[in-house]
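Visitor: Provided herewith is a single structure, encoded as structure tokens, for subsequent inquiry.
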Amino acid sequence: MKMLFTRIATAFPAHYAALLFCSMLCLINSVEAQPELTFTPIVQGLSRPVEVENANDGSGRLFIVEQDGRIRIYKDGALLSTPFLDITNLCSDGKYKGLISVAFSPNYKKNRTFFVYYLDYNNAATLAKYKTSKNNPDLAVKASGKVLFALPPVDTGDTKISMGNMHFGSDKKLYMTISDGSYIDKVTNLSQATDVLYGKMIRLDVNRNDSPYYRIPPDNPFIGNPDVRPEIFAIGLRNMWRWSFDKATNDMWMADDGNSNRDEVDHVTFTDCRGANFGWKCYEGNEIYDTTGCSPIGNYKFPVYDYAHDSIDGGFAIIGGYVYRGTQYPSLQGYYICSDFITSNGWKIKPNGAGGVDTYLQHDFPDSICGYGQGEDGELYAADLNGTVFKIGVAPALSKPATSSTVSAVVADNKAASKIYPTVVDNSMVVLELNDVYNSMRVFDMRGREVMRQKLNGEKGRVTVTLPKLQAGMYIIHLDGAGHNMEQKIYVSQ
């Protein structure tokens, strides 16, 4: 054990080596059966659902965000045929585009006001507000729309990305994350730049009826600092596509999609998030990415959990969820749920009472979950980009204990595994980083039909492969070697 801890201390920064050691001791000295999550479809046939929300108005309705620009209502066990809101004519269409988030005013029952976050036809990250009809609570008034701001997109040359998520806090302020625009090897320097809103969490008082329909809260952390935009609440984010408040504690659980090697989960109190720097692009997860011009390590907030980009016990695109605060499944109480978009890996994470977390991996989450939701009653839901919304439950029988993935960070210095990226393809090209000898590459659709084959002839190093014209959807790339194979899921966008 002493030798093992020495390896941890030398392989990782000191600020979390002790935490890993503590987590290992907890794992060694306790065995606890974990709830096994189930996913029951409640709605199918949707158009790219990405988020599920409630209006906290006592109606029990679920509002389902479809990426193409519609919000649908699930009410009394059925999907209403008429969309609550249809702004397809305002939204751009594509993988990183469209309508991506909705948030209902804390006073929605009285003021009928809600907010949407979408990318418009100029790919600008747009925050707008709407009102619901006085006469029909299941229908928004499209003509009531007012734009609070529209940020021009970050153009990396490959795509235009300004993604994010928004929620109201217990202080009735609107919190919104905006990505830094980084894409694969096109990394921006915007997360640490305090004169822009990209790569930040912002905090706004949206209780204003005249243009620009929001105010800067006077207690925002950087008020009075001329070098920092006053809207900013926290900095150092890459692509915090999905994050949430814990309904019981007001803590913030934030999943940040990494760039090259690691994705992360941050868990902070509201106070600790205020003015925090989450480290990108100085750090990616708990690892150094590029510390050129960066501050001392103690100036950054590090994740409570991060995972490597691999398909075994990691993933390639983290999707943040919620802490379970429902009543139907007592064994799930207090667990934070998140998963990976590309693999079927999902995690149940719970604070261990000693400043760290216990993390449990489950391998059979549905494919392509890209967003989660919480009902008024605290029950959880998951949105699958392929068109299904699931209700999350717990299997009657408890599963055997899962291995804490923090231990998997301690490995011998083995040869680096081969990689296939990007895992979300929008330009018909994939890159193979081959550290083993493979003879051929084959691509299969999800029905098992081969759609492409290419010889590799034992090539090693970086190999760029052009895919044929494929329909949008999930595919499997299979590499054939002499006695060893490799598979990786990819998602091909239109």
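The opening residue of the sequence shown carries number -17 in the working numbering; numbering runs sequentially from there.
All residues carry an ideal CB built from backbone N, CA and C; glycine is no exception.
None of these values were measured; they are calculated from a predicted model.
1) By Cβ distance, which residues of its chain are closer than 6 angstroms to residue 460, with the 5 residues on each side in sequence left out?
2) Quick one: what's got a C-beta closer than 6 angstroms to residue 367's C-beta in the same chain, skipping five residues either side?
3) In three-state terms, what does DSSP make of residue 198?
4) Following the continuous beta strand (DSSP E) through residue 86, name the residue where it begins and the one where it ends.
5) State the CB to CB distance for the pair residue 374 and residue 324, rounded to an integer number of angstroms; the pair is presumed to be in contact (CB under 8 angstroms).
6) Kindly indicate which residue of 206, 230, 239 and 233 has the alpha-carbon position closest to the one of residue 218.
7) In the DSSP output, which residue or residues are listed as bridge partners for residue 265?
8) Since residue 80 and residue 112 are thought to touch, with beta carbons under 8 angstroms apart, how far apart are those beta carbons, to the nearest angstrom?
9) Determine the DSSP secondary structure at residue 281, reduced to helix, strand or coil.
10) Quick one: is residue 49 buried, meaning 16 or more other Cβ sit within 10 Å of its Cβ, or exposed?
11) Ordered along the chain, which non-local residues of its own chain (more than five positions away) have a Cβ less than 8 angstroms from that of residue 475?
12) Rounded to whole angstroms, what's the CA-CA distance from residue 438 to residue 456? Just pull it up for me.
13) Grouping DSSP H, G and I as helix and E and B as strand, with all else coil, what is residue 421?
14) For the alpha helix (DSSP H) containing residue 252, list its first residue and its last residue.
15) Taking the C-alpha atoms as reference points, what is the distance between residue 210 and residue 202?
16) Beta-carbon separation of residue 165 and residue 172 under 8 angstroms?
17) By DSSP, does residue 31 sit in helix, in strand, or in coil?
18) Checking the sheet assignment: what are the DSSP bridge partners for residue 369?
19) Take residue 399 and list the residues in its own chain whose beta-carbon comes closer than 7 angstroms to its own, dropping the five residues that flank it on each side.
20) What whole-angstrom Cβ distance do residue 357 and residue 36 have, given they're in contact under 8 angstroms?
21) Tell me the rounded alpha-carbon separation between residue 149 and residue 458.
22) Pull up the DSSP beta-bridge partners for residue 356, would you.
23) Nearest-angstrom Cα distance between residue 187 and residue 329?
24) Here's the rule: buried if 16 or more other CB atoms are within 10 angstroms of the residue's CB, otherwise exposed. What is residue 341?
25) Can you find the residues in the same chain that come closer than 6 angstroms, C-beta to C-beta, to residue 296, ignoring five residues on each side of it along the sequence?
26) Identify every residue that forms a DSSP beta bridge with residue 259.
27) Got a sec, what are the start and stop residues for the beta strand (DSSP E) residue 189 sits in?
28) Would you mind giving the Cβ-Cβ distance between residue 371 and residue 34, rounded to the nearest angstrom? I have them listed as a contact below 8 angstroms.
29) My assumption, with CB atoms under 8 angstroms, is that residue 194 sits in contact with residue 155. Please give the rounded CB distance.
30) Quick check on this structure: which residue in 135, 278, 326 and 25 has the alpha carbon closest to the alpha carbon of residue 301?
31) Rounded to whole angstroms, what's the CA-CA distance from residue 234 to residue 261? Just pull it up for me.
32) By a C-beta neighbour count over all protein chains shown, 10 Å radius and 16 as the cutoff for buried, is residue 15 buried or exposed?
33) Tell me where the beta strand (DSSP E) around residue 90 begins and ends.
34) Could you tell me whether the Cβ atoms of residue 19 and residue 344 are closer together than 8 angstroms?
35) Check each candidate in 56, 39 and 38 and name the one with the smallest Cα separation from residue 27.
36) Quick one: is residue 161 buried, meaning 16 or more other Cβ sit within 10 Å of its Cβ, or exposed?
Guide: Quick answer:
1) The answer, listed in chain order, is 424 and 469.
2) Cβ within range, chain order: 30, 350 and 352.
3) Residue state, collapsed to three classes: coil.
4) Residue 86: member of the beta strand (DSSP E) spanning 80 to 86, first to last residue.
5) With 8 angstroms as the limit, residue 374 and residue 324 do not qualify as a contact, their Cβ atoms being about 20 angstroms apart.
6) Considering only alpha carbons, the answer is 239.
7) Bridge partners of residue 265: 270.
8) Rounded, the Cβ-Cβ distance is 16 angstroms, inconsistent with contact.
9) In the three-state scheme derived from DSSP, where H, G and I count as helix and E and B as strand, residue 281 is classed as helix.
10) Looking at its Cβ environment, which holds 16 or more other Cβ atoms inside 10 Å, residue 49 is buried.
11) So the list reads 76, 77, 406, 407, 408 and 454, once near-sequence residues are dropped.
12) Approximately 23 angstroms, taken between the alpha carbons.
13) Three-state result, residue 421: strand.
14) From DSSP, the alpha helix (DSSP H) with residue 252 extends over 252 to 255.
15) Each residue's Cα considered, the two are about 11 angstroms apart.
16) In this structure, residue 172 does not lie closer than 8 angstroms to residue 165 by Cβ.
17) In this structure, residue 31 counts as strand in the three-state DSSP scheme.
18) Answer is none; residue 369 lacks a bridge partner.
19) For residue 399, same chain residues with a beta-carbon under 7 angstroms away, outside a window of 5 residues either side, are 292 and 417 in chain order.
20) Indeed, because the Cβ distance is near 5 angstroms, the residues count as touching under 8 angstroms.
21) Going by the C-alpha atoms only, they are around 35 angstroms apart.
22) Residue 356 pairs with 362.
23) Spanning the two alpha carbons is a distance of roughly 34 angstroms.
24) By the neighbour-count rule (16 or more Cβ atoms within 10 Å), residue 341 is buried.
25) The answer, listed in chain order, is 289 and 290.
26) According to DSSP, residue 259 bridges with 217.
27) In the DSSP assignment, residue 189 falls outside any beta strand (DSSP E) and carries neither an H nor an E.
28) About 6 angstroms; that satisfies the 8 angstroms criterion.
29) No, residue 194 and residue 155 are not in contact; Cβ-Cβ is about 16 angstroms, not under 8 angstroms.
30) Nearest to residue 301 by C-alpha distance, out of 135, 278, 326 and 25, is 326.
31) Computed Cα separation, rounded: 17 angstroms.
32) By the neighbour-count rule (16 or more Cβ atoms within 10 Å), residue 15 is not buried but exposed.
33) Note, residue 90: premise wrong, no beta strand (DSSP E); alpha helix (DSSP H) at 90 to 93.
34) Result yes, Cβ atoms of residue 19 and residue 344 sit closer than 8 angstroms.
35) The shortest Cα separation from residue 27 among 56, 39 and 38 belongs to 56.
36) Taking a 10 Å sphere around the C-beta of residue 161, we find 16 or more other C-beta atoms and assign the residue as buried.
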